[in-house]
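This report refers to the structure that appears directly beneath it.
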Ligand code: SF4
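The structure is reproduced here in structure tokens:
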């Protein structure tokens, strides 16, 4: 009989390209994607998407997809069966665990993968492999924000929703570029600003799109945001403009905090940041006069030696002015990856079980030990930064990593590559043969979101389901199935037949997910954690209490940490970040034709002043050198950057232009997040001479 034409199918999915969490229907026929159609029911985006959500899906049928397990034989990789690959993995992991102990193996999870997969992976590391050496890429981005919020308000997530941001009287954006990194969220701000009188203050080295629209644009000296934030807080308090009732009823530590601000005078701040006293007074006045303020920030704040301190300073300023717990207020660290929030929430962190309960808390551990039928390790494990150092020190012998191109995204990549070469055994599970996979001993072919089911959690703490569109390509399998197979071969007895069962287990164990279930998340429904047992979520945090036992927030004194100095010969400051069209290291978007056609290569932004001084024009090829490495990249002259500040787009599959060839291993003291944004470089012109 003649083959029937495949029918057009419409499936709800959730975008994998940023933490905004847009959802939409994807129309397919066979393996062909016909269109992406947003629906009014979508809780975050309604009928909007951005270019990535709309056009970024071709990679699904890319010929470069991994379709079979690969095993290294000398310098080559050969195709293998699942049995061969899994036998090798379980044999080698058992051997190394036996010989060097459970803490000689590290586990790197994925912020691109689902909540269920991250839950299972931390369970695998802890319950099967007996170690807390498990981490995810939030270590490279928002860990400092989480730490800053945990110590001031008690929960390391956004205080409210995108609706709160859109309805705030004033939005303060620091070191973030939402128009390119979180486009649909940025549209909400643009609309509120243009049509509804919302005020906008932006602090950034680069004149990004929101900065161009802002009522006040601050251009501080690199790594000095904490200084102006503290100075604005001090000025507000000196004027008696603080929210006295709020502080009295809901906040501890005011006296000490006031003392800690002593040196942060307007004069001191103006001198250090280059922002005028008048501008600082204007900012303080606008914040005081606004009925509700949301503070948004991203990597421009966190990727510094003092990332946690500056995140804390933002939260302090919001507390002093009473901007928590009411609609349109609160702190919003913007999550980069689609599921970086969820990866952290579901426990792929060395010190936390799912739902941010400490592994050191004996009561919590007992709950997991009983449920999982094992004894669990008591001490926090290594984070991914420490894992790299432990490999160099010969303490960590093996890594199991999924859905993370650490060879490109970790800072000081030459140092990371050297570490990978020292590993005795390395498992990489991904959808493409990534830069990281080149160092692996076994590469496992995973299925991307369109080929499986699961949930993602967006920056608002909103959990959403997505449904399977296609069968996995070739021999690919969903990550949760692979993790389960590896675990079972290593002695576990897991029988999850659907991700919904994994979520049900997480909901039973972690109080913040108590009422989360696949039934309640059906279709366009979503839940914002903490979710009560009856299914009621919490869009706005802290309305009654802060997340400390006594219900009160803490003002936490913080001092400025000067940035890393590379030395005099490195006379230019290199900033870096995303661009609208590409996602992260670009493994998916550079394989989507609709996108690469428009933006095929990375580039370096150079100010008109510097271009003139060095005699270069658009398209010139330059070499940047830092103490840690070199890159070569073409120039775009633009007044978005000033003076001796450069900006390099971080998304690239082109090794020669990869920004982390230049960045260092220095890091935030508290969270070990690298100081990606504090790099001195020198520039040589290669062409034209
Ligand atoms: Fe996807 Fe983010 Fe664009 Fe929405 S804004 S479509 S989640 S990349």
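Residue numbers (UniProt numbering): 252 to 940. From the three backbone atoms N, C-alpha and C, an ideal C-beta is built for every residue, glycine too.
For residue i, which three-state DSSP category applies?
| i | result |
| --- | --- |
| residue 608 | strand |
| residue 549 | coil |
| residue 468 | strand |
| residue 681 | strand |
| residue 890 | coil |
| residue 505 | helix |
| residue 376 | helix |
| residue 638 | helix |
| residue 525 | coil |
| residue 666 | helix |
| residue 298 | coil |
| residue 396 | helix |
| residue 252 | Here residue 252 scores only 47 on pLDDT, less than 50, and its place in the model should not be relied on; the value that follows carries that caveat. Looking at residue 252 - three-state DSSP - the assignment turns out to be coil, as it is neither helix nor strand. |
| residue 414 | helix |
| residue 692 | coil |
| residue 602 | coil |
| residue 925 | strand |
| residue 592 | helix |
| residue 267 | coil |
| residue 972 | The requested residue 972 does not occur in the structure, where the chain is confined to residues 252 to 940. |
| residue 439 | helix |
| residue 479 | helix |
Name the one or two DSSP bridge partners that residue i has.
| i | result |
| --- | --- |
| residue 649 | 356, 676 |
| residue 932 | 823 |
| residue 581 | 545 |
| residue 422 | 451, 545 |
| residue 433 | Note: residue 433 sits in no beta bridge, so no partner. |
| residue 714 | 708, 778 |
| residue 386 | 359 |
| residue 917 | DSSP, once it has assigned bridges, lists no residue as partnering residue 917. |
| residue 883 | 874 |
So, under 8 Å CB-CB, residue i and residue j are touching, yes? Tell me the CB distance rounded to an integer number of Å.
| i | j | result |
| --- | --- | --- |
| residue 709 | residue 297 | The pair is not a contact, with the Cβ atoms about 14 Å apart (cut-off 8 Å). |
| residue 762 | residue 606 | 6 Å |
| residue 630 | residue 926 | Not quite, the Cβ-Cβ distance comes to about 27 Å (not below 8 Å), so this is no contact. |
| residue 913 | residue 880 | 6 Å |
| residue 718 | residue 404 | Their Cβ separation, rounded to whole angstroms, is 35 Å, which puts residue 718 and residue 404 out of contact at 8 Å. |
| residue 600 | residue 828 | That belief does not hold up - the Cβ atoms of residue 600 and residue 828 are roughly 24 Å apart, past 8 Å. |
Cα-Cα, which of the options is closest to residue i?
| i | options | result |
| --- | --- | --- |
| residue 321 | 888, 910, 489, 677 | 677 |
| residue 724 | 737, 409, 697, 793 | 697 |
| residue 700 | 265, 258, 261, 260 | 265 |
| residue 690 | 864, 714, 658 | 658 |
| residue 468 | 441, 495, 445, 424 | 424 |
| residue 274 | 283, 262, 282, 285 | 262 |
| residue 558 | 340, 913, 809 | 809 |
| residue 807 | 402, 258, 389 | 402 |
| residue 853 | 906, 868, 859 | 906 |
| residue 707 | 422, 596, 418, 288 | 596 |
| residue 420 | 451, 381, 915 | 451 |
| residue 509 | 473, 470, 568 | 568 |
| residue 355 | 329, 466, 632, 711 | 632 |
| residue 432 | 757, 908, 547 | 547 |
| residue 434 | 748, 824, 299, 667 | 299 |
| residue 891 | 919, 855, 751, 864 | 855 |
| residue 327 | 647, 688, 536, 748 | 688 |
| residue 407 | 642, 562, 692 | 562 |
| residue 412 | 351, 578, 865, 733 | 578 |
Just to confirm before moving on: does the CB-CB distance between residue i and residue j stay below 8 Å?
| i | j | result |
| --- | --- | --- |
| residue 493 | residue 571 | yes |
| residue 936 | residue 873 | yes |
| residue 358 | residue 379 | no |
| residue 898 | residue 660 | no |
| residue 487 | residue 523 | no |
| residue 776 | residue 267 | no |
| residue 797 | residue 782 | no |
| residue 769 | residue 933 | no |
| residue 564 | residue 481 | yes |
| residue 417 | residue 459 | no |
| residue 843 | residue 309 | yes |
| residue 541 | residue 483 | no |
| residue 826 | residue 456 | yes |
Under the criterion of a Cβ to heavy atom distance below 7 Å, does residue i qualify as lining the ligand SAH?
| i | result |
| --- | --- |
| residue 269 | In the structure shown, the ligand SAH is absent; the only ligands present are the ligand SF4. |
Can you find a C-beta in chain C that's less than 8 Å from the C-beta of residue i?
| i | result |
| --- | --- |
| residue 673 | In the displayed structure, chain C is absent; only one protein chain is listed. |
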